[in-house]
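Below: the structure, in structure tokens.
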Amino acid sequence: MEEKKISEKESLELISQMIQQTKKDSAIGNGNMFLVWGYLCTFMSLAVFAMSQIRQESGWGWLYMAIPVVGFIAAGIVARSMKKKYNTPSTYASSSIGKVWFCLSFVFVFYAVYCFAYWNEPQGWTGMFLLGLFLPSIGTYCTGAILNEDWVQWCGIMGTTIGCKFLHEVCCDGMHIELKWCILMAFAMIISLVIPGHILNYKAKKANAK
Amino acid sequence: MQELDPLLHSQLRLAIMSILLSVEEADFVYLKEKTEATAGNLSVQLEKLTSAGYITKETDGSGAKPRTICQMTDAGREAMQNYVEALKSYFTGL
């Protein structure tokens, strides 16, 4: 493009073309973070379940503590490579989504710190499980709402219903984690993170192929 | 018919403003890639838009290479709104 005068019709076309192009570009890789955290949480839940079954020891639950460490490193690497490869612009939507997930992560981290501070009350860790079921689903719903993606919103709602089932059991049966919850956690992560991640990436790929 | 803002009624500057209208911020490399303009020409046009107060330019030196990040100002947003309103007047009655 150059600095040249254009007709009124060309002006309108140019504005529309640039806005559409930016919209497509900003959608690239929208689902990557969902996939990183979703697959990681699913894998860890299944690993805790499998190891506890094989070795018959309860300590394998601590494997969950690897999720934030591995997750933040992997998310950082993915974000860096995406920035290098595609150079997508920062939009108001991406910035709002970032703030929603920051808030949810903060709640999670703050509760973990709380649990460590009250080390002699191990039943408090059940709350981590509860947050792990609810927060990603809420984040997914908000992301879907901001991006106006109905299926992503539905995945968030379905994830929350699984969380409600767990909440009900905790309220009725007391604060103890059963091994079956690891399987439910893996299932919830597939619904609330993995599927939305693939939906978002598929839609971005389809839009950019046009 | 309303008069079109001469600063915006140019292919490259209008393309820059249209991109910045739909994003929070965009860097120089992205703008260059999307507008397919030369670095020199793009710099000149960005300078004109900055002088008019339509955009702001900041250099981010936190990475390995410094990045020039552009953002639209409220004045720029208003100018774009007026420009589109003026454009509409050319098409009324068609």
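Chain order of the listed sequences is L and G.
Under the numbering used here, think of the first position of the first sequence as 193, with each following residue one higher.
Under the numbering used here, think of the first position of the second sequence as -3, with each following residue one higher.
Positions of the beta carbon are idealized from the N, C-alpha and C atoms, including for glycine.
Since the structure is predicted, the reported quantities are computational estimates derived from the model, not experimental observations.
At the level of alpha carbons, what is the spacing between L/P260 and G/S47?
Going from the Cα of L/P260 to the Cα of G/S47 covers about 46 Å.
What residues of chain G sit near L/K216, judged by a beta carbon separation below 7 Å?
Neighbours of L/K216 on chain G: none; closest Cβ ~11 Å, over 7 Å.
Proximity below 7 Å, CB of G/E29 to CB of L/M193:
Cβ atoms of G/E29 and L/M193: not closer than 7 Å.
Consider the Cβ of G/Y92: report whether some Cβ of chain L lies at a distance smaller than 7 Å.
No statement about residue 92 of chain G is possible, as the shown extent of chain G runs from -3 to 90 and does not include it.
Delimiting residues of the alpha helix (DSSP H) encompassing L/Q213:
Counted as a single uninterrupted DSSP element, the alpha helix (DSSP H) harbouring L/Q213 occupies residues E200 to A219.
Using a threshold of 7 Å, state whether the C-beta atoms of L/V270 and L/N224 are closer than that.
Yes; because the gap between Cβ atoms is below 7 Å, this pair is in contact.
Which residues does DSSP list as the beta-bridge partners of G/Q67?
Beta-bridge pairing links G/Q67 to G/T52.
Taking Cβ-Cβ distances shorter than 8 Å, what residues in chain G pair up with L/M193?
What L/M193 touches in chain G: Q7, L8, A11, T31, E32 and A33.
With a threshold of 7 Å on Cβ separation, who are the neighbours of L/W317 within its own chain once the five nearest residues in sequence on each side are excluded?
Excluding the 5 residues flanking it on each side, L/W317 has same chain C-beta neighbours closer than 7 Å at C307, in chain order.
Where the alpha helix (DSSP H) containing L/M193 begins and where it ends:
Here L/M193 belongs to no alpha helix (DSSP H), and DSSP marks it neither H nor E.
So L/L339 and L/A285 are in contact, right, with Cβ under 8 Å, and what is the actual spacing, rounded?
Right, the Cβ-Cβ distance comes to about 6 Å (below 8 Å), so this counts as a contact.
Taking 7 Å as the threshold (beta carbon to beta carbon), is G/A75 in contact with chain L?
It does not: the Cβ of G/A75 has no partner Cβ on chain L nearer than 7 Å.
Would you mind giving the Cβ-Cβ distance between L/L371 and L/S288, rounded to the nearest angstrom? I have them listed as a contact below 8 Å.
The pair is not a contact, with the Cβ atoms about 38 Å apart (cut-off 8 Å).
Under 8 Å by Cβ, that's how I've got G/T55 and G/Q67 pegged, so tell me the actual separation to the nearest angstrom.
With 8 Å as the limit, G/T55 and G/Q67 do not qualify as a contact, their Cβ atoms being about 13 Å apart.
Applying the criterion that 16 or more other CB atoms from any shown protein chain within 10 Å of the CB defines a buried residue, is G/E81 buried or exposed?
Result: exposed.
Where do the ends of the alpha helix (DSSP H) carrying L/N340 lie?
Segment: none, L/N340 is in no alpha helix (DSSP H) and carries neither H nor E.
Please name the residue in L/F379, L/L238, L/E341 and L/Y333 whose C-alpha comes closest to that of L/I354.
Of the candidates L/F379, L/L238, L/E341 and L/Y333, the one whose C-alpha sits nearest the C-alpha of L/I354 is L/F379.
Are the CB atoms of L/G331 and L/L296 within a distance shorter than 7 Å?
Contact flag set, yes.
Does the beta carbon of L/Y284 sit closer than 7 Å to a beta carbon anywhere in chain G?
True, the Cβ-Cβ gap to chain G drops below 7 Å.
Whole-angstrom distance between G/E43 and L/I349, CA atom to CA atom
Looking at the backbone, the Cα of L/I349 and that of G/E43 are separated by about 48 Å.
Counting only the same chain and skipping the five closest in sequence on each side, list residues whose C-beta sits under 8 Å from that of L/L255.
Same-chain partners within the cutoff: M236, A239, V240 and M243.
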